[in-house]
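Input: a single structure, listed below in structure tokens.
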Amino acid sequence: MKLNIGDADAFLMVSESAHSADMYYATGFLAHDPFIYLYSRDEKLLVSDMELGRARKESRLEDVLPASRYSMMEKLRKLKDIDAAYCEMIVEFLNSEAVKRIAVPYNFSVQLADCMRGEGFDVLPVKSPFREMREVKTEHEVAAIEKAQRAGERALADGISAIRNASVRNGVLWQENEPLRAEDVRAIIEISLLSLGCEAPDIIIACGRGSSDPHWHGEGELLADEPIVIDMVPRSKKERYYSDMTRTVVRGTPAGELEDMYSAARDAQAAAINKIRAGITGSEIHNIVCDVLEERGYETARGRSGEFTEGFIHSTGHGVGLDIHEGPNLSESGRELRAGCAVTVEPGLYYREIGGVRIEDVVVVTKSGCKNLTMFGKNLVLDE
Numbered sequence: 001m002k003l004n005i006g007d008a009d010a011f012l013m014v015s016e017s018a019h020s021a022d023m024y025y026a027t028g029f030l031a032h033d034p035f036i037y038l039y040s041r042d043e044k045l046l047v048s049d050m051e052l053g054r055a056r057k058e059s060r061l062e063d064v065l066p067a068s069r070y071s072m073m074e075k076l077r078k079l080k081d082i083d084a085a086y087c088e089m090i091v092e093f094l095n096s097e098a099v100k101r102i103a104v105p106y107n108f109s110v111q112l113a114d115c116m117r118g119e120g121f122d123v124l125p126v127k128s129p130f131r132e133m134r135e136v137k138t139e140h141e142v143a144a145i146e147k148a149q150r151a152g153e154r155a156l157a158d159g160i161s162a163i164r165n166a167s168v169r170n171g172v173l174w175q176e177n178e179p180l181r182a183e184d185v186r187a188i189i190e191i192s193l194l195s196l197g198c199e200a201p202d203i204i205i206a207c208g209r210g211s212s213d214p215h216w217h218g219e220g221e222l223l224a225d226e227p228i229v230i231d232m233v234p235r236s237k238k239e240r241y242y243s244d245m246t247r248t249v250v251r252g253t254p255a256g257e258l259e260d261m262y263s264a265a266r267d268a269q270a271a272a273i274n275k276i277r278a279g280i281t282g283s284e285i286h287n288i289v290c291d292v293l294e295e296r297g298y299e300t301a302r303g304r305s306g307e308f309t310e311g312f313i314h315s316t317g318h319g320v321g322l323d324i325h326e327g328p329n330l331s332e333s334g335r336e337l338r339a340g341c342a343v344t345v346e347p348g349l350y351y352r353e354i355g356g357v358r359i360e361d362v363v364v365v366t367k368s369g370c371k372n373l374t375m376f377g378k379n380l381v382l383d384e
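Numbered per the UniProt record's numbering, the sequence shown spans residues 1 to 384.
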């Protein structure tokens, strides 16, 4: 792997990889405890002796070293402070590699940076070179995203079935002898995802006027004739890649304003997807969505400053992969899209007295267009 690290001698990351997409991408090794990645003349991994065997089997790197090579336990016994001992080990490791100007990601530990500077190293915070690399997906990565998407769609179908099959009593959805709640539908989706080897943090099941807040988690009884926004980010537990999808449904008869909002959002999404291709910018795609919505009489946040809380109040989309949100963005400042980028397209409209609607698909950019990985239907009204 070739990294652009400017005039630095090396690029260093010290992190666990379970919650660091860059570390997992760089190494292919999944661990919940911190370990060390160094890029200089070649790539090296430094792990605890306990993890050595697994790291050598699972990591994509050939050069995997044990902490004992740099006397980690001896340092810990002497200093009786794990942070100080860990820093001394890193210093010895870097000295053995004959590197002095060390580039580190912006989220690098201040404590470690101070320690390294105290030992004579130049520590240079930089934007991680992996961020831009991760934007363009390989065929394997696209397949992993699509796998998560298929699981998400099966789980969403289970959740929507519960809504569709519910009875209506005094404007409230009921399942057997008790009201159907957002928590119930969320649990159905979560259980279905787990059975398919996936998970999804913070599934949104937002009903009624509360759905006018795009990221309201949702709680309580689900209502007939009201919007139910379901937003989920399924991730394969094995491959670690996310997908992202949103659907808005109504059990019953939606108000006329809601139908108009949904139609406008759906048309805006279709117009955007139709124009996505390599070479177009994320800002151009965002402007297409804003154009459609404004032509339909809805306000957007485009060009505004200050508080703006109703209408189309967010960007059109974002990259998705090992992180839920990564580059590139479909927004007013969105850069040029490249073939292989996986991005969401998720226009929405939100009004406090009505509720919200949002429709979200994931597409992969190609030279001549895009491939939509989302196959789930987009009907607003659920058939009984």
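Ideal Cβ placement from N, Cα and C applies to all residues, glycine included.
DSSP places Glu310 in the coil class of the three-state scheme, outside both helix and strand.
In its chain, beyond the 5 residues on either side, Ile160, Ile163, Arg164, Val249, Val250, Arg251 have a beta carbon closer than 8 Å to the beta carbon of Leu382.
Just so you know, the alpha carbons of Leu124 and Ala113 end up roughly 9 Å apart. Across the set Gly256, Glu43, Phe11, Glu51, the C-alpha of Glu51 shows the shortest separation from the C-alpha of Leu30.
With respect to the C-alpha of Ile205, the residue from Ser59, Ala55, Glu199, Pro214 having the closest C-alpha is Pro214. With distances taken between CA atoms, Val357 lies nearest to Arg266 out of Lys371, Arg266, Pro179, Glu295.
Per DSSP, Ile102 lies in no alpha helix (DSSP H) segment; the continuous beta strand (DSSP E) that holds it begins and ends at 101-105. When C-alpha distances from Gly28 are compared across Leu322, Arg150, Val364, the shortest belongs to Leu322.
Distance from the CA atom of Arg181 to the CA atom of Trp216, rounded to whole angstroms, is 15 Å. In this structure Leu373 is not in contact with Ile280, their Cβ atoms being roughly 19 Å apart against a cut-off of 8 Å. Beta-bridge annotation (DSSP): Pro179 is paired with Trp174. Annotation for His318: the continuous beta strand (DSSP E) segment containing it runs 317-319. Annotation for Lys57: no beta strand (DSSP E) segment contains it, though the alpha helix (DSSP H) segment containing it runs 49-58. In this structure, Glu259 places its C-beta atom within 9 Å of the C-beta atom of Leu380. The C-alpha of Glu326 is placed about 8 Å away from the C-alpha of Arg131. Bounds of the alpha helix (DSSP H) holding Gly118 are 110-118.
Around Ile102, the same chain offers Ala10, Leu12, Phe121, Val123 as residues with beta carbons nearer than 6 Å, after the five sequence neighbours per side are excluded. Taking a C-beta distance under 9 Å as the contact criterion, Ile5 and Ile90 do not qualify as a contact pair. Ser368 carries a coil assignment under DSSP once its states are collapsed to helix, strand and coil. Between Pro201 and the set Ile189, Asn274, Gly306, Arg335, the nearest pair of CA atoms involves Ile189. Boundaries of the alpha helix (DSSP H) harbouring Arg164: 139-165, taken from the DSSP string.
Cβ-Cβ separation between Phe308 and Leu156: approximately 30 Å, too far for a contact (criterion under 8 Å).
Here the region 266-275 lies against the region 345-361, with 3 or more beta-carbon pairs under 8 Å apart. Pairing Leu46 with Glu199, the inter-Cα distance amounts to about 30 Å.
Annotation for Ala166: Leu173, Trp174, Gln175, Leu180, Leu222, Arg251 place their beta carbon closer than 8 Å to its own, counting only its chain and skipping 5 residues before and after. By the Cβ neighbour-count rule, Tyr298 is buried, with 16 or more other Cβ atoms within 10 Å of its own.
Taking a 10 Å sphere around the C-beta of Gly118, we find fewer than 16 other C-beta atoms and assign the residue as exposed. Secondary structure of Glu221 (DSSP, three-state): strand. Here DSSP, grouped into helix, strand and coil, assigns Ser96 to helix.
When the beta-carbon positions are compared, Glu16 and His32 come within less than 9 Å of each other.
Residue pairing of Lys44 in beta bridges, as defined by DSSP: Leu38. A direct Cα-to-Cα measurement between Lys367 and Glu74 gives close to 56 Å. With contacts defined by Cβ atoms closer than 9 Å, Arg235 and Ala148 form a contacting pair. Shown here, Pro214 sits in coil according to DSSP, grouped into three states, outside any helix or strand. Counting every other CB atom within 10 Å of its CB across the protein chains shown gives Ile285 a total of 16 or more, marking it as buried. Within the same chain, and ignoring the five residues on either side of Pro129 in sequence, the residues whose Cβ sits closer than 6 Å to its Cβ are Leu3, Asn4.
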